[in-house]
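Written below as structure tokens is the structure these notes are about.
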Amino acid sequence: MTGPAVIVGTGPGFGHALASRLAAAGHKVVLIARRTSRLDEVAARLRTEGAEVHTLAIDATDERQVRDGFETIRQSVGIPSLVVYSIEETVPGQALEITAPAFEDCWRSNCLGAFLVCSVVARQMLENRNGTILIIGSTSSIVGRERHLSQAVGKFGRRALAQVMARELWPRGIHVAHVLIDAEIDEDPGDRGEGPRADPRDIADALLAIHRQGRSAWTFEVDLRPYDEQFWNHC
Numbered sequence: 276m277t278g279p280a281v282i283v284g285t286g287p288g289f290g291h292a293l294a295s296r297l298a299a300a301g302h303k304v305v306l307i308a309r310r311t312s313r314l315d316e317v318a319a320r321l322r323t324e325g326a327e328v329h330t331l332a333i334d335a336t337d338e339r340q341v342r343d344g345f346e347t348i349r350q351s352v353g354i355p356s357l358v359v360y361s362i363e364e365t366v367p368g369q370a371l372e373i374t375a376p377a378f379e380d381c382w383r384s385n386c387l388g389a390f391l392v393c394s395v396v397a398r399q400m401l402e403n404r405n406g407t408i409l410i411i412g413s414t415s416s417i418v419g420r421e422r423h424l425s426q427a428v429g430k431f432g433r434r435a436l437a438q439v440m441a442r443e444l445w446p447r448g449i450h451v452a453h454v455l456i457d458a459e460i461d462e463d464p465g466d467r468g469e470g471p472r473a474d475p476r477d478i479a480d481a482l483l484a485i486h487r488q489g490r491s492a493w494t495f496e497v498d499l500r501p502y503d504e505q506f507w508n509h510c
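In the numbering used here, the protein residues as written are 276 to 510.
The following block contains the structure:
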């Protein structure tokens, strides 16, 4: 399927590489962030390469903005065939040091936003009885590491969301999958830093492959890491 592809949370490295890969595969690409100024550079570059790219400012933790934003996407480019939720927020610190407002902000970005986006887009996809929703997780989705309580609680919830939605939506034609990325990701593709690191282009290839899977062999969960990485070493 080469219908519109939406990336919610498009940052340097992984987000930009994924946008490039999806555009190269023939998708109209919609990039979402709280501030579209963060998206101008990558959008301009992709347009010079012939891609159709749209940018949209949405706070994923605001139900009205999510609902109205995806209605705008529907009207302008159509119902998405692929949506990737990759927003991440964390406030490191001992459990007894984290303030309630900081804890809530992390939970809203890591979990509530995923719920709002997935529920809105799933209703659209059900009209066509097809589509892919990829929910991006990390080691904190399965391991509560010290000093990362705020991230782990939200990511655990995000993984639970993916499990429930997969059970409910797979039989109705919507492929929901959870992708655990256990890696330091290079911001500049091909320019590897020190130590084990993932090339964002390789991650993008993996996500596109999941989207293209046949219905008789769908993936629910996959974890990605460099060949020389220690397992579950990054939050």
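All residues carry an ideal CB built from backbone N, CA and C; glycine is no exception. Note that the coordinates shown come from a computational prediction; the quantities given were computed from them, not determined experimentally.
Query                                                                                                        : Result
Where G412 sits in the DSSP three-state scheme                                                               : strand
Beta bridge counterpart(s) of Y360 as assigned by DSSP                                                       : V283 and I410
Contact under 7 Å by Cβ, P446 with V352                                                                      : no
Selected residue, minimal CA-CA separation from V304, among A335, V359, D477 and I417                        : V359
Simplified DSSP state of T330, which is helix, strand or coil                                                : strand
Range of the contiguous beta strand (DSSP E) that encloses I485                                              : Premise fails: I485 lies in the alpha helix (DSSP H), P475 to H486, not in any beta strand (DSSP E).
Which residues DSSP lists as bridging H423, in chain order                                                   : G368
Supposed close pair L357, T347 - CB separation, criterion 8 Å                                                : Wrong, their Cβ atoms sit about 17 Å apart, outside the cutoff.
Residue span of the beta strand (DSSP E) that contains H453, given as start and end                          : I449 to I456
Reduced DSSP secondary structure (H/G/I, E/B, other) of V317                                                 : helix
Proximity to G432 [Cα-Cα], best of A300, C381, N403 and D334                                                 : C381
A458 classed as buried or exposed, judged by whether at least 16 other C-beta atoms fall within 10 angstroms : buried
Nearest residue (CA-CA) to A441, options E324, S312 and F495                                                 : F495
Environment of D343 [buried if 16+ CB atoms lie within 10 Å]                                                 : exposed
Sheet register partners of E236 (DSSP bridge)                                                                : The shown model of the chain, from 276 to 510, leaves out residue 236, and the question about it has no answer.
Coil, strand or helix - V268 by DSSP                                                                         : No answer is possible for residue 268: it lies beyond the span of the chain, which begins at 276 and ends at 510.
Under the three-state DSSP convention, the category I417 falls into                                          : coil
Helix, strand or coil at I460 according to DSSP, with G and I counted as helix                               : strand
Cβ pair I410, A437 closer than 7 Å                                                                           : yes
Inter-residue CB distance, A292 and A479 (contact presumed, cutoff 8 Å)                                      : 5 Å
Cα-Cα separation, G448 to C393                                                                               : 14 Å
I417 versus G301: straight-line alpha-carbon distance, rounded                                               : 34 Å
Cβ separation of A319 and T285, assumed to be a contact under 8 Å, to the nearest whole Å                    : Contact doesn't hold; Cβ gap of about 14 Å is too wide.
Option nearest Q350 by Cα separation, candidates L306, N385, Q399 and I460                                   : Q399
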